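Inspection log for the structure reproduced underneath, given as structure tokens.
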Amino acid sequence: MPHFPRTSPTLRLFAGAALALGLLPATAAAAQADSPATAAPPEQIDAMERDLGLTEAEALDLLDAEAQARATEAELRDELGGDFGGAVFDIDTRALTVQVTDAGAAGTVRAAGAEPQVVDRGEDGLGEVMDALDSAADRAGPTIHGWYADTAADVVVVAAAAGEAGAAEEFAEAAGVPADAVRVEEEAAAPRPLADIVGGTPYYFEQADGWYVCSVGIPVEGGYVTAGHCGEAGSSTWQEAPGTTRTGTVAESVFPGQDAAWVRTEPGFTPVPRVSDHSGGTVTVTGSQEAAVGASVCRSGQTTGWHCGTVQAKDRTVNYAEGAVHGLTQTSACAEGGDSGGSWLSGTQAQGVTSGGSGDCTSGGTTYFQPLAPILSQWNLTLLTG
Numbered sequence: 040m041p042h043f044p045r046t047s048p049t050l051r052l053f054a055g056a057a058l059a060l061g062l063l064p065a066t067a068a069a070a071q072a073d074s075p076a077t078a079a080p081p082e083q084i085d086a087m088e089r090d091l092g093l094t095e096a097e098a099l100d101l102l103d104a105e106a107q108a109r110a111t112e113a114e115l116r117d118e119l120g121g122d123f124g125g126a127v128f129d130i131d132t133r134a135l136t137v138q139v140t141d142a143g144a145a146g147t148v149r150a151a152g153a154e155p156q157v158v159d160r161g162e163d164g165l166g167e168v169m170d171a172l173d174s175a176a177d178r179a180g181p182t183i184h185g186w187y188a189d190t191a192a193d194v195v196v197v198a199a200a201a202g203e204a205g206a207a208e209e210f211a212e213a214a215g216v217p218a219d220a221v222r223v224e225e226e227a228a229a230p231r232p233l234a235d236i237v238g239g240t241p242y243y244f245e246q247a248d249g250w251y252v253c254s255v256g257i258p259v260e261g262g263y264v265t266a267g268h269c270g271e272a273g274s275s276t277w278q279e280a281p282g283t284t285r286t287g288t289v290a291e292s293v294f295p296g297q298d299a300a301w302v303r304t305e306p307g308f309t310p311v312p313r314v315s316d317h318s319g320g321t322v323t324v325t326g327s328q329e330a331a332v333g334a335s336v337c338r339s340g341q342t343t344g345w346h347c348g349t350v351q352a353k354d355r356t357v358n359y360a361e362g363a364v365h366g367l368t369q370t371s372a373c374a375e376g377g378d379s380g381g382s383w384l385s386g387t388q389a390q391g392v393t394s395g396g397s398g399d400c401t402s403g404g405t406t407y408f409q410p411l412a413p414i415l416s417q418w419n420l421t422l423l424t425g
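Letter by letter, the sequence shown follows residues 40 to 425 of this note's numbering.
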């Protein structure tokens, strides 16, 4: 009973692959109720304390100051029209600086409670520089990481890889941009796409004899569950093969005996409570109530997409060549190589992850999945639901 192995010359696709005394005036109470700080969820305040080094009181004060700054910026943008050149807020001083391209507009900025800064280009001029660079984007090359308008400095910043400032300057020159309109900054790391981790989509891993692919199973807090044979504990998971972008690390893995694992994802790769339907949409996971024998179940995998069947038996022991796996659920749904680890749902209730089986999705087959409940309980994982 195979785990749906698939081989190719270059890639092996593995199976399943403030309190105060007295009364608060009504007007003050209303203002407090409308305060952005009052409306902020506790998780946001906690994150501001952690990431910005603020106390709770400082975080609340900052939220209110930023709301006022946004209102002032919008007011001045409308009032100044073409003389408006940009705005920058300082979280340390709570000051809003507004760039203007006409010195005569400075008084209007001060009257609104902001600090004026007279610049030459402003948003419109910097926008022209950005347009020129954007038009030449196909000539940027991998050592040019990107570009953005810095209204406070009144230049466009071109970001380049370490040691590649010259290439950035040449790129800007070739785009027809004046040298004094650009500032080059070097960055140690190249940008990469960030991604949601969705059930039924592929991930790659390496073993001694080559690269393999499996499917993301059920997203949990901090990562996702998948099949145990899709990588040993401590091994890395990758966005592609051969691996250049690491998406996670296998935190725990058991196979044989069970066919269960969970992957802790890297920052930037965010697990979400969804499973791909491989038709351009997703199914949102709402819980994990176990389906009965005879009930319909559907699975999502990176190779064959979305297929459904019925639960034929539970607590099945499957004797793979690598050893027996106990407690699997047998189904009439089909699967093929690379589908291993993928998601199983009954309606919107998560059921488990693909282990192995027999047959294929042309002639039909039998597929087994590792039930979800034991995986969650043994590693104290929390299912993500929407």
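Virtual Cβ for every residue (Gly too), placed ideally from N, Cα, C. Predicted model, so just to flag it, every value in this text is computed and none were measured.
Could you say which of N358, G270 and P312 lies nearest to W301 if we only look at CA atoms?
G270
Could you give the DSSP three-state label for T304: helix, strand or coil?
strand
Which one of A151, E162, E226 and A191 has the shortest CA to CA distance from T182?
E226
Out of curiosity, what's the CA-to-CA distance linking A69 and A299?
Confidence in A69 is poor, its pLDDT being 32 and thus under 50, which makes the residue's placement too unreliable to answer from.
Mapping the DSSP letters down to three states, classify V289 as helix, strand or coil.
strand
Hey, how far is the Cα of G425 from the Cα of R313?
8 Å
Which whole-angstrom value describes the C-beta separation of G267 and F294, a residue pair presumed to lie in contact below a C-beta threshold of 8 Å?
3 Å
Please name the residue or residues paired with E154 in a DSSP beta bridge.
T136
Is the number of C-beta pairs between the region 87-100 and the region 110-126 that are closer than 8 Å three or more?
no
Count the other C-beta atoms from every protein chain shown that fall within 10 angstroms of the C-beta of A72, then say buried if there are 16 or more, exposed otherwise.
Confidence is the limiting factor: at A72 the pLDDT is only 38, short of 50, which leaves the residue's position unreliable and the question unanswerable from this model.
Buried or exposed: where does A374 fall if 16 or more other Cβ atoms within 10 Å of its Cβ makes it buried?
buried
Sort out for me which residues DSSP pairs R313 with in a bridge.
T323
Looking only at its own chain, which residues have a Cβ that is under 6 Å from the Cβ of D141, when we skip the five neighbours before and after it?
D122
Is the region 276-286 touching the region 319-328 in the sense that three or more CB pairs, one from each, lie closer than 8 Å?
no
Which partner residues does W383 have in the DSSP bridge list?
R338 and G391
Verify whether the separation of the beta carbon atoms of V223 and D193 is less than 7 Å.
no
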